[in-house]
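Each residue of the sequence shown is one higher than the one before, starting from 12 at the first, in this note's numbering. Think of the CB as a built atom: it goes at the ideal place given N, C-alpha and C, for glycine as much as any other residue. The structure displayed is predicted, hence computed values, not measured ones.
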Amino acid sequence: MVDQTGVDDPITTPWTPSIDQALANRLLAQLTQAERSLLLDQAELVELDRAQVLVWAGHALSHAYFPTNCMISLLATQPTARNFEVGQIGFEGVLGASSALGVTASAFDAVVTGAGQAWRLPLTVLRKQCLRSRHLSVLMVRYLYTELGQMGALAACGQFHVLEQRLARLLLMCQDRMRAPDLEVTHESLAHILGVRRASVTLMTGLFQSRGLIQHSRGHMLVVDRPGLLATTCECYARDLAFYEQVMSEQWPL
Ligand SMILES: [Zn+2]
Numbered sequence: 012m013v014d015q016t017g018v019d020d021p022i023t024t025p026w027t028p029s030i031d032q033a034l035a036n037r038l039l040a041q042l043t044q045a046e047r048s049l050l051l052d053q054a055e056l057v058e059l060d061r062a063q064v065l066v067w068a069g070h071a072l073s074h075a076y077f078p079t080n081c082m083i084s085l086l087a088t089q090p091t092a093r094n095f096e097v098g099q100i101g102f103e104g105v106l107g108a109s110s111a112l113g114v115t116a117s118a119f120d121a122v123v124t125g126a127g128q129a130w131r132l133p134l135t136v137l138r139k140q141c142l143r144s145r146h147l148s149v150l151m152v153r154y155l156y157t158e159l160g161q162m163g164a165l166a167a168c169g170q171f172h173v174l175e176q177r178l179a180r181l182l183l184m185c186q187d188r189m190r191a192p193d194l195e196v197t198h199e200s201l202a203h204i205l206g207v208r209r210a211s212v213t214l215m216t217g218l219f220q221s222r223g224l225i226q227h228s229r230g231h232m233l234v235v236d237r238p239g240l241l242a243t244t245c246e247c248y249a250r251d252l253a254f255y256e257q258v259m260s261e262q263w264p265l
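Written out as structure tokens, the structure reads:
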């Protein structure tokens with residue numbers, strides 16, 4: 012089977028964007044032409060703005076979002092503490108996959124942390140097509156399983172790995188999902204995602220810049236040495252990518 016992503020090495024080479032927006036999301040790209048058309052005929056390609064809240068925890072999602080070049084963070088909210096990221100959704104995934112199980116309420120706040128485009132589809136349409144197509148419902152369940160794995164990995168990473176490693180991993184993940192080395196991020200948003208103080212992020216990004224890993228200016232961060240970031244991060248980054256590929260392959264048992 013031809014790899015529609017065109018990726019030789021997903022770690023050192025961020026996924027090359029497809030010109031065809033219908034194929035720019037990996038889940039949509041894995042559907043048959045007929046399945047994809049059934050969804051996209053009722054979807055619209057929308058621009059999502061940074062800090063846009065797509066759903067609050069405990070509330071029902073009205074639409075599913077299939078990112079093509081934006082990034083959505085799933086944030087756990089504690090009234091007496093900082094929010095922190097428990098999951099990240101980009102072109103490899105979808106917000107709303109739980110509708111395949113009949114669940115429309117979100118367990119987390121879903122906030123756009125990287126502006127860009129996504130296919131927006133009424134959740135009722137996705138649910139209906141999941142009931143009709145085993146291929147689609149299995150794809151959604153596989154993806155949900157990768158989300159579970161990602162959440163466990165992020166929890167373990169936060170517990171056992173230092174900020175230097177975690178920040179490098181986050182920048183790599185952001186670069187993958189935004190499909191560009193120039194990231195529109197602030198120290199504050201990175202601190203928000205990592206669940207640490209802003210001053211800690213400022214200190215660490217200054218260190219990264221002095222090492223030539225990144226260039227940072229107001230509101231932007233340019234990744235200039237991706238191999239250097241790969242050498243800095245913990246094993247969680249590569250493990251997360253490998254887990255996704257493993258679960259999404261048809262060889263993974265369900
Ligand atoms: Zn880690």
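Would residue i pass as an interface residue toward chain E - the criterion being a Cβ-Cβ separation below 7 Å?
{"i": "Leu-265", "result": "This model lacks chain E altogether, as it is built from one protein chain only."}
Identify the continuous beta strand (DSSP E) that holds residue i and give its terminal residues.
{"i": "Ser-228", "result": "225-228"}
{"i": "Ala-75", "result": "74-78"}
Using DSSP's beta-bridge definition, name the partner residues of residue i.
{"i": "Ala-121", "result": "Val-66, Leu-85"}
{"i": "Leu-59", "result": "Gly-127"}
{"i": "Gln-99", "result": "Ser-84"}
{"i": "Ala-71", "result": "Ala-116"}
Give every residue of the same chain whose Cβ lies closer than 6 Å to the Cβ of residue i, excluding the five residues on either side of it in the sequence, and list them in chain order.
{"i": "Thr-197", "result": "Gly-230"}
{"i": "Cys-245", "result": "His-172, Gln-176"}
{"i": "Val-258", "result": "Arg-153, Tyr-156, Thr-157"}
{"i": "Gly-98", "result": "Leu-85, Glu-158, Gln-161, Met-162"}
Starting from residue i, trace the alpha helix (DSSP H) in both directions and tell me its first and last residue.
{"i": "Gln-53", "result": "Where Gln-53 is concerned, there is no enclosing alpha helix (DSSP H), given that its DSSP letter is neither H nor E."}
{"i": "Gln-267", "result": "In the structure as shown, the chain begins at 12 and stops at 265. Residue 267 is therefore absent and cannot be evaluated."}
{"i": "Glu-256", "result": "247-259"}
Excluding the five sequence neighbours on either side, which residues of its own chain have a C-beta within less than 7 Å of the C-beta of residue i, listed in chain order?
{"i": "Ala-126", "result": "Leu-59, Asp-60, Arg-61, Cys-81, Glu-195"}
{"i": "Asp-193", "result": "His-231, Leu-233"}
{"i": "Ala-111", "result": "Cys-141, Ser-148, Met-151, Val-152"}
{"i": "Ser-144", "result": "Glu-46"}
{"i": "Ala-87", "result": "Asn-94, Phe-95, Val-97, Phe-119"}
Whose C-beta lies closer than 8 Å to the C-beta of residue i among residues of the same chain, with five residues either side of it excluded?
{"i": "Val-235", "result": "Pro-192, Gly-223, Leu-224, Ile-225, Gln-226"}
> Should the region 67-79 be called in touch with the region 127-139, which here means at least 3 C-beta pairs below 8 Å?
Replying inline: Touching, per the Cβ criterion.
> Taking only runs of the beta strand (DSSP E) that begin and end inside the region 103-180, which ones reach a length of at least 3 residues, in chain order?
Replying inline: 120-125, 127-133
>> Which complete alpha helix (DSSP H) runs does the region 187-238 hold, if anything under 4 residues is left out?
In response: Entirely contained in the region 187-238, the alpha helix (DSSP H) runs reaching 4 residues are, in chain order, 198-205, 209-221.
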